[in-house]
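With the working numbering, letter number 14 in the sequence shown gets 1439, and the count goes up by one each step, no holes.
Quick reminder that beta carbons are idealized off the backbone N, C-alpha and C, glycines included.
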Amino acid sequence: MFTYKDCKFGVTNVHLNWKSNRLRKEQMNAVNNWITNRVSDYELLCGDFNDDPHSRVHQYLINNHWIDVAQLKEVQPTLEYRKNPNLRGEIKKDKRYDWIMIQENAPMRFPIIENVSIFGNSSLTSSGVFPSDHYGVFVDLKFDK
1426 MFTYKDCKFG
1436 VTNVHLNWKS
1446 NRLRKEQMNA
1456 VNNWITNRVS
1466 DYELLCGDFN
1476 DDPHSRVHQY
1486 LINNHWIDVA
1496 QLKEVQPTLE
1506 YRKNPNLRGE
1516 IKKDKRYDWI
1526 MIQENAPMRF
1536 PIIENVSIFG
1546 NSSLTSSGVF
1556 PSDHYGVFVD
1566 LKFDK
């Protein structure tokens, strides 16, 4: 939790189970309950959800007043099987498993989402090393306060 211009911000990062839908749902329920008991003006939930935006985990969050910032801007994959050498050998469709969610808070004005993008989607070395098998996600928010 941090304070900026008299507003309290909670930021929670997750790395959910990669293998089990049931475990991811349980993990997300526990995290959401933990966040619900915090007192903040704005809550951000981000990280590797190991699931796509059509999943039960994503729907659970939407039903609990979370907004997927990428859906308000340009949606980009965070797993690119053909481009990222960490994933070569896998023949799968590109996915967006890494999200940034912001929770609606009725008394507060919703921030303006100026930009949502990815990073770490290019090689860092001459030998073609990528930082991770997943790309990072960032958001630029503007607050009218």
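Asked	Found
Which residues mark the beginning and the end of the beta strand (DSSP E) in which residue 1470 is found?	1467-1473
Would residue 1475 be called buried (16 or more neighbouring beta carbons within 10 Å of its own) or exposed?	buried
Name, in chain order, the residues that DSSP records as bridge partners for residue 1443.	Note: residue 1443 sits in no beta bridge, so no partner.
Tell me which same chain residues have a C-beta within less than 8 Å of the C-beta of residue 1485, skipping the five on either side of it?	1450, 1453, 1454 and 1457
In angstroms, rounded to a whole number, what distance separates the CA positions of residue 1440 and residue 1472?	6 Å
Rounded to whole angstroms, how far is the Cβ of residue 1533 from the Cβ of residue 1493, which I believe are closer than 8 Å?	That pair is no contact at about 18 Å.
Let me confirm a value: residue 1495 is counted as buried when at least 16 other C-beta atoms fall within 10 Å, else exposed. Which label applies?	buried
By alpha-carbon positions, which one of 1469, 1446 and 1461 ends up nearest to residue 1479?	1446
Hey, which unbroken runs of the alpha helix (DSSP H) at 4 residues or more fall wholly within the stretch 1450-1522?	1481-1488
Spatial neighbours of residue 1541 within its chain, please: CB distance less than 6 Å, with the 5 preceding and 5 following residues excluded, ordered by chain position.	1494, 1495, 1498 and 1564
Skipping 5 residues on each side, what residues in its chain have a beta carbon closer than 6 Å to that of residue 1562?	1523, 1525 and 1543
Work out the CA separation of residue 1552 and residue 1488 for me, nearest whole Å.	44 Å
For residue 1491, collect the residues of the same chain with a Cβ closer than 6 Å to its Cβ; drop the 5 residues on either side in sequence, then sort them by chain order.	1526 and 1528
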